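Asker:
Spelled out as structure tokens, the structure:
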């Protein structure tokens with residue numbers, strides 16, 4: 216079930232990322248390209264890969280802390296998309312959102328790696 220939640224979420228994020236890409240192309244304003252990249256790489260690629268890994272290594276997905284990685288992944292995607300988006304919209308006072316989200320991302324990947332090494 217955890218694997219499917221990751222993959223379903225990644226599909227939502229790629230649709231949002233594509234919509235942002237279409238908006239940038241239509242408006243000829245590519246100032247949000249870093250936001251677009253963060254949304255696609257963290258939301259689509261990272262979450263899909265985590266889902267596929269959880270699917271192929273069920274013992275890792277059954278680890279007690281594995282569901283936490285799902286929620287931390289969402290906090291990362293939303294926080295970095297919002298923080299980077301506001302930063303590139305000319306609102307540097309919101310950069311701390313991106314900084315906190317980046318630390319959450321590192322912690323989450325460390326947790327994911329720990330769970331994988333311990334349970335695979």
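In our numbering, the protein residues as written are 216 to 335.
Backbone N, C-alpha and C define an ideal beta-carbon position, used for all residues, glycine too.
The structure presented is a predicted model; accordingly, all values stated were derived computationally and were not measured.
Beta-carbon separation of residue 249 and residue 299 under 8 Å?
Answerer: Stepping through the chain shown from its first residue, residue 249 is reached at position 34. Stepping through the chain shown from its first residue, residue 299 is reached at position 84. Their beta carbons are under 8 Å apart, which means residue 249 touches residue 299 by this criterion.
Asker: Comparing C-alpha positions only, which one of 217, 233, 247 and 334 sits nearest to residue 305?
Answerer: Taking the chain shown and counting its residues from 1, the one referred to as residue 305 is at position 90. The shortest C-alpha separation from residue 305 is found at 247.
Asker: Around the Cβ of residue 280, are there at least 16 other Cβ atoms within 10 angstroms (buried) or fewer (exposed)?
Answerer: Position 65 of the chain shown, counted from the first residue, corresponds to residue 280. Flag for residue 280 reads exposed.
Asker: Could I get the ranges of all uninterrupted beta strand (DSSP E) runs contained in the stretch 271–307, with 3 residues as the minimum, in chain order?
Answerer: Counting only runs of 3 or more, we get nothing.
Asker: Give me the residue from 264, 286 and 302 with the minimum Cα distance to residue 222.
Answerer: One-based indexing of the chain shown puts residue 222 at position 7. Nearest of 264, 286 and 302 to residue 222, Cα basis: 264.
Asker: Just how far apart, CA to CA, sit residue 229 and residue 266?
Answerer: For this step, residue 229 is matched to residue 14 along the chain shown. For this step, residue 266 is matched to residue 51 along the chain shown. The alpha-carbon atoms of residue 229 and residue 266 are separated by roughly 14 Å.
Asker: Going along the chain, which residues of its own chain have a beta-carbon closer than 6 Å to the beta-carbon of residue 290, five neighbours each way excluded?
Answerer: Translated into positions along the chain shown, residue 290 becomes position 75. So the qualifying residues of the chain are 319.
Asker: Whole angstroms are fine: how far does the CA of residue 235 sit from the CA of residue 260?
Answerer: Reading the chain shown from its first residue, position 45 is the one you call residue 260. Reading the chain shown from its first residue, position 20 is the one you call residue 235. Their Cα atoms are separated by approximately 16 Å.
Asker: Taking all protein chains shown into account, do 16 or more other C-beta atoms lie within 10 angstroms of the C-beta of residue 328, making it buried, or fewer, making it exposed?
Answerer: The residue given as residue 328 occupies position 113 in the chain shown. Exposed, by the Cβ-count rule.
Asker: To the nearest angstrom, how far is the alpha carbon of residue 307 from that of residue 330?
Answerer: Here residue 307 refers to the residue found at position 92 of the chain shown. Here residue 330 refers to the residue found at position 115 of the chain shown. One C-alpha to the other measures close to 36 Å.
Asker: Grouping DSSP H, G and I as helix and E and B as strand, with all else coil, what is residue 225?
Answerer: Residue mapping note: residue 225 aligns to position 10 of the chain shown, counting from 1. Here residue 225 sits in helix by DSSP.
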